[in-house]
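Counted the way this note's numbering counts, the sequence shown spans residues -6 to 63. All residues carry an ideal CB built from backbone N, CA and C; glycine is no exception. Read the structure below first, then the notes.
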Amino acid sequence: MIFDLDGDVIENLTVENGCNGNLKGISALIKGRKIDEVIGLLEGITCRVRPTSCPDQIARGLKAYAASRQ
């Protein structure tokens, strides 16, 4: 995952691997939103029987980034 940020606002997201169309859609939907808002929206989403998903992995990546700034 490659996040382009302006402070705590997501300007762009590029993801390698995963579900290409879904990830492009998610990237468009989170553009301009604050990190904490996106984490709240995407965290905990599962994919079928898997305990995680592409959206959840985005939330985890943002959460790790936010934790590293503190």
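Secondary structure at LYS56: helix, using DSSP grouped into helix, strand and coil. Per the C-alpha coordinates, the member of ALA60, GLY11 and LYS27 positioned closest to ASN5 is LYS27. One Cα belongs to ALA60, the other to LYS24, and the distance between them is close to 20 Å. In this chain, the beta strand (DSSP E) harbouring ASN5 covers 2 to 7.
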